[in-house]
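Engineer: Our numbering applies: residue 2 is where the sequence shown begins, and numbers increase by one.
Ideal Cβ positions, reconstructed from N, Cα and C, are used throughout, including at glycine.
I'd like to ask some things about the structure below.
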Amino acid sequence: MKPQETQLQNSQQNTLLSPDRQRMAEDEQEHAGKWAVLGIVAIGVFMATLDSSIVNISLPPIALYFNVPLSGPVEWVVIAYLVATAAVLLTAGRLADMVGRKAVWAVGLVVFTGGSAICGAAPSLGLLIAARALQGLGGALMMAVSPAMLTTAFPASERGKALGLNAVIVALGVSVGPTLGGLITGYLSWRWIFFVNVPIGIIGLFLTLRILTEKLRRNPGRFDPLGAFMLALGLAGLTAGLSFGQELGWTSPLLLSSLIIGCLALASLPFIESRVVNPIIHFSLLHNRVFVSAILSLVLSFLALFAVSFMLPFYLEQLRHFPTEKAGLLLTPLPLTIALIAPFSGTLADRIGTRWLAASGLAIACLGLVLIGQLNAQSSIFDIIWRLVVTGVGQALFQSPNNSALLGAAPRNEQGSASGFLATGRTMGQSVSVALAGAIFAGFGGAEAGRLLSLQLDRAHVAALQQTFAHSFQMTFTVCAVIAAVGVFASLVRGKEERSRKRGQSVASR
């Protein structure tokens, strides 16, 4: 469609609105070019995803600098970021619907960049952990609204393409994190893995204020502080509890308290939200079959597939005794495959629909999980790589179409909330995946076998431990494959998203 035709269509639509609604629609419209919006989104999303993976490899130098053990308080450098992110994703999406996506995005950039500067200059471990939580808050504000920014900037016929390109950015951030973190820490210091964000964040903020045109919305409605607090408490409690499951033990009073408080807080939300005019969560989205199917498939996919990133380092370093840098390189085929395939799957979804493409992709990823579970102490490097590639192809074919269906099922005025649901589902799926995979692996004796394999033992003991490790590894990925298979079923039962898309557009135009 030509620009003149688009403007004519917009003006015709605006004449059907009242003067107040016409001014509101003009204020909320984003006039910046779609590629400019993609470039701005790429800056924030890359920083946020990079920081979720770059820190892990620098934990030993951080622990050494502050003279603390590698387990214990230093783990909060990672967990504080995850907990803060999970706690505010849905609230950030709701705020975007109230005040506008640009405002939430800009605040996210400021908070994330400021948190990065404080992290780099932190004189104590406590301040570093607090600054990491601040980073997580900023990252959540950006990640919660980035899909909605893209789906608003791109026409509906290119929604899959936009989300596919976004998946490339996420995959690149995840894949280069360990390698870049190792290089920066090795040649400079761990502080520079945070300082590197500062100039990038400043550039992103300048471009946001200079290029994006969306105005702050008038009469945004009242904010729901009690709902936001209970939502944050619930998600933070669950994320923190799941993160410490293996270390504290699943019967630990502290861990059980965290999980119980989290569950009770979330269970209270429907009662709280039903009594306010402007709830923090739009439960009406959960009445849409396509939306529910897509969010369920999303959670199940991350629950199954994130175990690869969590479990493979144990396989590579404990069973195979590969050095850390080699293990990091062997993990990159998965995100790089996603980066290569995701744009094509998104474009294909725009042409043929999302239902069968997403289901087929997750089925391929399910097969990939079964294949990864067959790895043992004798597997070649080629065996590792091609199995990861198969899994990556499946994940890429699933991810962009499923996200497109999820956001397409939501009305235009609830895109921020839908985007928040997407980001929250991904984060919670990852957290539960780590807890579940770790529990299964440890339950079959794999964790203890891996620890003993790092010691100097005779050949007979090594063979027995390798067998225990491989069996535990296989059982873990078998369970993950079953979860992915349930996700395939959830994708198939969604129905045709075109009907939902039309309903969403009609709701938005009223």
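Is the region 134–149 close to the region 104–113, with three or more CB pairs under 8 Å?
Structural biologist: yes
Engineer: Would you identify the three-state DSSP class for V69, choosing helix, strand or coil?
Structural biologist: coil
Engineer: Under the three-state reduction of DSSP, which class applies to A411: helix, strand or coil?
Structural biologist: Reduced to three states, the DSSP call for A411 is coil.
Engineer: What three-state label does DSSP hand F307 in the structure shown?
Structural biologist: helix
Engineer: Do L407 and I339 have their C-beta atoms closer together than 8 Å?
Structural biologist: no
Engineer: On the premise that G430 lies in contact with L299, defined as a C-beta separation below 8 Å, what is that separation, rounded to the nearest angstrom?
Structural biologist: 7 Å
Engineer: In its own chain, which residues sit with a C-beta less than 7 Å from the C-beta of A93, not counting the 5 before and 5 after it?
Structural biologist: V105, A141, L142, A145, V146 and G421
Engineer: Hey, how far is the Cα of T214 from the Cα of L39?
Structural biologist: Inter-residue distance for T214 and L39 is about 14 Å (C-alpha atoms, whole angstroms).
Engineer: Under 6 Å Cβ to Cβ from S418, same chain only, skipping five residues before and after it: list those, please.
Structural biologist: Spatial neighbours of S418 in its own chain (CB-CB distance under 6 Å, excluding positions within 5 residues in sequence) are listed in chain order as G94, R95, D98 and H283.
Engineer: Sort G121, L135, L304 and G182 by Cα distance to V435 and report the nearest one.
Structural biologist: L304
Engineer: Cutting at 7 Å between CB atoms, please list the residues of its own chain near S259, excluding the five before and the five after it.
Structural biologist: Sequence-distant Cβ neighbours of S259 in its own chain, meaning closer than 7 Å and more than five residues away, are G238, A241 and G242.
Engineer: Roughly how many angstroms lie between the CA atoms of L270 and I365, to the nearest whole one?
Structural biologist: Looking at the two C-alpha atoms, the distance is approximately 37 Å.
Engineer: So which of L332, W36, F307 and S302 has the shortest CA-CA distance to E314?
Structural biologist: Rather than Glu, the amino acid found at residue 314 in this sequence is Pro. With distances taken between CA atoms, P314 lies nearest to L332 out of L332, W36, F307 and S302.
Engineer: Have a look at M2 and A157 and give me their C-alpha separation to the nearest angstrom.
Structural biologist: Model confidence at M2 stands at a pLDDT of 46, short of 50, so the residue's coordinates are unreliable; what they give is reported in the following sentence. In a straight line, the C-alpha of M2 is about 12 Å away from that of A157.
Engineer: Mapping the DSSP letters down to three states, classify N377 as helix, strand or coil.
Structural biologist: coil
Engineer: Using 8 Å as the threshold, is the region 40–60 in touch with the region 170–190, meaning 3 or more CB pairs across them?
Structural biologist: The answer is yes - the region 170–190 touches the region 40–60, with three or more Cβ pairs under 8 Å.
Engineer: For the alpha helix (DSSP H) containing K103, list its first residue and its last residue.
Structural biologist: R102 to A122
Engineer: Pick out whichever of V175, K162, G426 and S455 has its Cα sitting closest to the Cα of S401.
Structural biologist: K162
Engineer: For T469, name the three-state secondary structure that DSSP assigns.
Structural biologist: helix
Engineer: Identify the continuous alpha helix (DSSP H) that holds P148 and give its terminal residues.
Structural biologist: Unbroken alpha helix (DSSP H) run through P148: L126 to A154.
Engineer: Check each candidate in G202, A85, Q136 and S53 and name the one with the smallest Cα separation from V177.
Structural biologist: S53
Engineer: Using a Cβ-Cβ cutoff of less than 8 Å, which residues in the same chain neighbour Q467 once the five nearest sequence positions on both sides are dropped?
Structural biologist: L320, N377, A378, A450 and L454
Engineer: Please identify the residue among S432, P412 and I80 whose C-alpha is closest to the C-alpha of N289.
Structural biologist: P412
Engineer: Restricting to Cα atoms, I'd like to know which of C367, S380, S405 and F383 is closest to Q396.
Structural biologist: C367
Engineer: From I1 to F445, what does the alpha carbon distance come to, in whole angstroms?
Structural biologist: Nothing about residue 1 can be reported from this structure: the residues present for the chain run from 2 to 511 only.
Engineer: DSSP on N289, reduced to helix/strand/coil?
Structural biologist: coil
Engineer: Please return the same chain residues whose Cβ sits closer than 6 Å to the Cβ of I484, not counting the five positions on each side in sequence.
Structural biologist: L301, L304 and A305
Engineer: Hey, quick one: how far does the alpha helix (DSSP H) through R192 stretch, first residue to last?
Structural biologist: Run containing R192: none; DSSP gives neither H nor E here.
Engineer: Assuming F470 and G447 make a contact with CB atoms under 8 Å, what is their CB distance in whole Å?
Structural biologist: Rounded, the Cβ-Cβ distance is 5 Å, consistent with contact.
Engineer: Pick helix, strand or coil for G354, following the three-state DSSP scheme.
Structural biologist: coil
Engineer: Which residue wins for smallest C-alpha separation from K103, given the options R427, G369, F383 and L206?
Structural biologist: L206
Engineer: Once DSSP output is grouped into helix, strand and coil, what is the label at S418?
Structural biologist: helix
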